[in-house]
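Asker:
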């Protein structure tokens, strides 16, 4: 999902927010452009966010946000298809992954944490992972390769999947457990791993869909939950899609309920997608959402 949208609507709030939370940042999109919610992600719609590859200056953007606003986390979106050059079950593509790594190194050069966002909606060309589509083993092959490559830099975080939806959540939690085990066993032992729920990992429905309870059972190979954060999304428009100009909610109740659950269960979460437009209706809700 994408906001309709500009972070500039909230720039006056950033200094205040940065002083109150551990991670603050923005998403660097482009490689995910054209990816449908059924996991069909064509390669000919990709826009690499690096000026040397004909796209926007993602490297310069990250430097600016880090230096001017003390941002310390960036989410780098890609697709499963792009990383493998649409060779499901294959090796990381030398050219495509090499370009993605250029973006990653530009992010790491800012001193920030850098999230790998696999932007496939828990699918590959229409098939849900381990629920009629690619097997867990095929999915974890991708994550194992990424984890081995970045094992020596714990500022690389693994957003194992963007916005799962329309799936059986207990079975999805088993897939996430396989992903965590694969990442840790590949050597990325101290890296953050973000665990998304169903219904587009919507914070408002994270508990009622069973996502919170199912994902709470996931552990590292040593039985701990260190570094395992829930991955939450919430926009401010009428259907949580981030595609409408008008903002209709400040999300305070949804965040409050989720925060209570997290405290009760001694867990942590990251809001890895949110946003609002430049419409006048957006300013009060996003101000309240960020600074309740």
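Numbering (mature numbering (1 follows the signal peptide of the UniProt record, and there is no 0)), first residue to last: -19 to -1, 1 to 273.
Backbone N, C-alpha and C define an ideal beta-carbon position, used for all residues, glycine too.
If you run the structure through DSSP and keep just helix, strand and coil, what is residue 197?
Answerer: For the purposes of this step, residue 197 is taken as residue 216 along the chain shown, with counting starting at 1. Note: residue 197 maps to helix in three-state DSSP.
Asker: Which same chain residues end up closer than 6 Å to residue 100 when comparing Cβ atoms and leaving out the 5 residues on each side of it in sequence?
Answerer: Sequence index remark: in the chain shown, residue 100 carries index 119 (1-based). Once the five neighbours on either side are set aside, the close Cβ partners of residue 100 are 13, 16, 58, 60 and 143.
Asker: Would you identify the three-state DSSP class for residue 87, choosing helix, strand or coil?
Answerer: The residue labelled residue 87 in the question sits at position 106 within the chain shown. Here residue 87 sits in helix by DSSP.
Asker: Over the uninterrupted alpha helix (DSSP H) stretch that includes residue 54, give me the two end residues.
Answerer: Stepping through the chain shown from its first residue, residue 54 is reached at position 73. Note, residue 54: premise wrong, no alpha helix (DSSP H); beta strand (DSSP E) at 54 to 59.
Asker: Which term fits residue 26, buried or exposed, when burial requires 16 or more other beta carbons within 10 angstroms of its beta carbon?
Answerer: To locate residue 26, count along the chain shown from 1; it is residue 45. When all chains shown are included, residue 26 counts as exposed.
Asker: Suppose you measure from the CA of residue 277 to the CA of residue 84; what does that come to, to the nearest Å?
Answerer: Since the first residue of the chain shown is -19 and the last is 273, residue 277 is not available in this structure.
Asker: Going by CA-CA distance only, name the one from 128, 69, 87 and 141 that's closest to residue 106.
Answerer: Counted from its first residue, the chain shown places residue 106 at position 125. Nearest C-alpha to residue 106: 69.
Asker: Between the Cα of residue 136 and the Cα atoms of 121, 54 and 112, which residue gives the shortest distance?
Answerer: Here residue 136 is taken as the residue at index 155 of the chain shown, counted from 1. Ranking the options by Cα distance to residue 136, first place goes to 54.
Asker: Between the C-alpha atoms of residue 213 and residue 43, what's the straight-line distance to the nearest angstrom?
Answerer: Here the question's residue 213 lines up with position 232 in the chain shown. Here the question's residue 43 lines up with position 62 in the chain shown. Approximately 22 Å, taken between the alpha carbons.
Asker: First and last residue of the alpha helix (DSSP H) that includes residue 166?
Answerer: Position 185 of the chain shown, counted from the start, is the residue given in the question as residue 166. Residues 150 to 166.
Asker: Check whether the stretch 173 to 182 and the stretch 146 to 159 are in contact - that is, three or more C-beta pairs closer than 8 Å.
Answerer: Contact holds: three or more Cβ-Cβ distances are below 8 Å.
Asker: Where DSSP assigns a beta bridge to residue 138, which residues make up the other side?
Answerer: Position 157 of the chain shown, counted from the start, is the residue given in the question as residue 138. Answer by DSSP bridge pairing, in chain order: 96.
Asker: Residue 29 by DSSP, collapsed to three states: which one?
Answerer: Counted from its first residue, the chain shown places residue 29 at position 48. Correct three-state label for residue 29: coil.
Asker: At the level of alpha carbons, what is the spacing between residue 155 and residue 114?
Answerer: Start at 1 with the first residue of the chain shown, and residue 155 comes out as number 174. Start at 1 with the first residue of the chain shown, and residue 114 comes out as number 133. Going from the Cα of residue 155 to the Cα of residue 114 covers about 15 Å.
Asker: Looking at residue 204 and residue 173, is the spacing between their C-beta atoms short of 7 Å?
Answerer: As a working note, residue 173 is residue 192 in the chain shown. As a working note, residue 204 is residue 223 in the chain shown. For residue 173 and residue 204, no; Cβs fall outside 7 Å.
Asker: Excluding the five sequence neighbours on either side, which residues of its own chain have a C-beta within less than 6 Å of the C-beta of residue 195, listed in chain order?
Answerer: Locating residue 195 in the chain shown gives position 214, counting from the first residue. Hits under 6 Å: 150, 151 and 154.
Asker: Mind checking whether residue 140 and residue 110 have CB atoms under 7 Å apart?
Answerer: One-based indexing of the chain shown puts residue 140 at position 159. One-based indexing of the chain shown puts residue 110 at position 129. Cβ atoms of residue 140 and residue 110: not closer than 7 Å.
Asker: Can you give the Cα-Cα distance for residue 254 and residue 8, rounded to whole angstroms?
Answerer: Position 273 of the chain shown, counting from 1, holds the residue named residue 254. Position 27 of the chain shown, counting from 1, holds the residue named residue 8. Taking the straight line joining both Cα atoms gives about 8 Å.
Asker: Which of the three DSSP states is assigned to residue 253 in this structure?
Answerer: Position 272 of the chain shown, counted from the first residue, corresponds to residue 253. Three-state DSSP puts residue 253 in a strand.
Asker: Rounded to whole angstroms, what's the CA-CA distance from residue 125 to residue 164? Just pull it up for me.
Answerer: If you number the chain shown from 1, residue 125 lands on position 144. If you number the chain shown from 1, residue 164 lands on position 183. Each residue's alpha carbon lies about 6 Å from the other.
Asker: Taking the CB atoms as reference points, tell me whether residue 128 and residue 169 lie closer together than 7 Å.
Answerer: Along the chain shown, read from residue 1 onward, the residue named residue 128 stands at position 147. Along the chain shown, read from residue 1 onward, the residue named residue 169 stands at position 188. Their beta carbons are under 7 Å apart, which means residue 128 touches residue 169 by this criterion.
Asker: Measure the alpha-carbon distance for residue 32 versus residue 88 and round it to whole angstroms.
Answerer: Reading the chain shown from its first residue, position 51 is the one you call residue 32. Reading the chain shown from its first residue, position 107 is the one you call residue 88. Cα to Cα, the separation comes out at about 14 Å.
Asker: Should residue 93 be labelled buried (16 or more other beta-carbon atoms within 10 Å of its own) or exposed?
Answerer: If you number the chain shown from 1, residue 93 lands on position 112. Classification for residue 93: buried.
Asker: Need the endpoints of the beta strand (DSSP E) that residue 209 sits in, please.
Answerer: By 1-based counting over the chain shown, the position of residue 209 is 228. Per DSSP, residue 209 belongs to the beta strand (DSSP E) from 209 to 214.
Asker: Nearest to residue 56 by CA position, among 30, 206 and 158, is which residue?
Answerer: Position 75 of the chain shown, counted from the first residue, corresponds to residue 56. The option with the nearest alpha carbon to residue 56 is 30.
Asker: Does any residue of chain C have a CB that is nearer than 7 Å to the CB of residue 204?
Answerer: Absent here is chain C; the protein component of the structure consists of one chain.
Asker: Report the CB separation of residue 6 from residue 46 in whole angstroms; it is logged as a contact under 8 Å.
Answerer: Here residue 6 refers to the residue found at position 25 when the chain shown is read from its first residue. Here residue 46 refers to the residue found at position 65 when the chain shown is read from its first residue. Residue 6 to residue 46, Cβ: 7 Å. Contact.
Asker: Tell me which residues share the same chain as residue 157 and place their Cβ nearer than 7 Å to its Cβ, disregarding the 5 neighbours each side in the sequence.
Answerer: In the chain shown, the residue the question calls residue 157 occupies position 176. Excluding residues within five positions, the ones whose Cβ falls inside 7 Å are 141, 176, 196 and 199.
Asker: When DSSP labels each residue in this structure, what does residue 65 get in the three-state scheme?
Answerer: As a working note, residue 65 is residue 84 in the chain shown. Note: residue 65 maps to helix in three-state DSSP.
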